[in-house]
Amino acid sequence: MKAVFKRELRAYFTSVLGYVFLTMFLVLTGVLFYRNTVLLGNVWIKEFFNLLTTWSIFIFPFLTMRLYAEDRKLKTDQLLLTAPVSVKSVVLGKFFAAFTVFMAAMVIMLIYVVVISFFGTINWAETISCYVGFILLCSVVLAVGGFMSSITDSQIVAAISTYAVFIVTVFLGEIASMTSGVLRTILLWISPTERFLDFKLGILDPSAIVYYLSLTVLFLFLTVNVTERRRFS
3 MKAVFKRELR
13 AYFTSVLGYV
23 FLTMFLVLTG
33 VLFYRNTVLL
43 GNVWIKEFFN
53 LLTTWSIFIF
63 PFLTMRLYAE
73 DRKLKTDQLL
83 LTAPVSVKSV
93 VLGKFFAAFT
103 VFMAAMVIML
113 IYVVVISFFG
123 TINWAETISC
133 YVGFILLCSV
143 VLAVGGFMSS
153 ITDSQIVAAI
163 STYAVFIVTV
173 FLGEIASMTS
183 GVLRTILLWI
193 SPTERFLDFK
203 LGILDPSAIV
213 YYLSLTVLFL
223 FLTVNVTERR
233 RFS
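Take any residue in the sequence shown, count from 1 to its spot, add 2: that is its number in my numbering.
This is the structure we're talking about:
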């Protein structure tokens, strides 16, 4: 896994995708922070994350679309799959490489917390909860994006498929508001963005944590299965 991780992490910065993702993410967070804190005078970090959870989802395909699709297109996937390393190690190595690039952006984003501290008192419980919840949410996005990349040899198709999945999930809350009863409960329960609400209130809900981790593991498992079938096909 370590060798795959290093290979993939290096690939992000020997191509433009790593830089494109970091630039887009930091520009997006900068614009949202300026609007929320400077223009509107809102020092609550939860309002910043409220916007970020919706809009940041649309730039994550730039981080995941190449994970498997590029190897398949260049026919280098067979070299990797025939190497003396398990498919699980390949999948985890690729996932953690993407996750590391994302976490680099999250570390840089801590500067906004410092800036907010100059405008008012930081609610640390809320801030930590928002960060934890957002990281968990984005781990799901990365796992889903990796899975979409594993089932196609086109980076464009992988990106569009990932967009489609999360456009649907973003609107699940809106759809739920037009329903009632059991259907409403189910829609709210399966919506990743709705599950983030407790984190914005400073609540580290164990069920939400398990939900995000379970989804991440599920899509990593599906990616392993898809890759295993290709290895023996």
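Virtual Cβ for every residue (Gly too), placed ideally from N, Cα, C.
Item to check | 6 Å CB neighbourhood of residue 74 in its chain, flanking five on each side removed | outcome: 155
Checklist entry - What do you get for residue 95, buried or exposed, if any count of 16 or more other CB atoms within 10 angstroms of its CB means buried? => result A residue is called buried once 16 or more other Cβ atoms fall within 10 Å of its Cβ, and residue 95 is buried on that count.
Checklist entry - If you draw a straight line from the C-alpha of residue 212 to the C-alpha of residue 41, how long is it? => result 37 Å
Item to check | the segment 61-75 touching the segment 209-224, judged by at least three CB pairs closer than 8 Å | outcome: no
Next on the checklist: Here's a check: name, in chain order, each residue in its chain whose Cβ is nearer than 6 Å to the Cβ of residue 49, leaving out the five neighbours to either side.
Outcome noted: 38
Checklist entry - What distance in whole Å lies between the Cβ atoms of residue 174 and residue 193, which are believed to be in contact at a cut-off of 8 Å? => result 4 Å
Item to check | Proximity below 8 Å, CB of residue 168 to CB of residue 143 | outcome: yes
Next on the checklist: Please tell me whether residue 221 has its Cβ less than 8 Å away from any Cβ of chain C.
Outcome noted: In the structure shown, chain C cannot be found, because there is only a single protein chain.
Item to check | Nearest candidate by alpha-carbon position, reference residue 202, set 131, 30, 126 | outcome: Answer by Cα proximity: 131.
Next on the checklist: To test your reading of the DSSP string, which unbroken alpha helix (DSSP H) runs of 4 or more residues are found completely within the segment 22-61?
Outcome noted: 47-57
Checklist entry - Does the segment 104-117 come within contact of the segment 14-29, defined as at least 3 CB pairs closer than 8 Å? => result Yes, since at least three Cβ pairs between the segment 104-117 and the segment 14-29 fall closer than 8 Å, the two stretches touch.
Checklist entry - So which of 129, 176, 208 has the shortest CA-CA distance to residue 195? => result Just measuring C-alpha positions, the residue of 129, 176, 208 sitting nearest residue 195 is 176.
Checklist entry - Taking the alpha helix (DSSP H) that residue 239 falls in, what are its first and last residues? => result Since the first residue of the chain shown is 3 and the last is 235, residue 239 is not available in this structure.
Item to check | Assigned exposure category for residue 150 - 16 Cβ within 10 Å defines buried | outcome: buried
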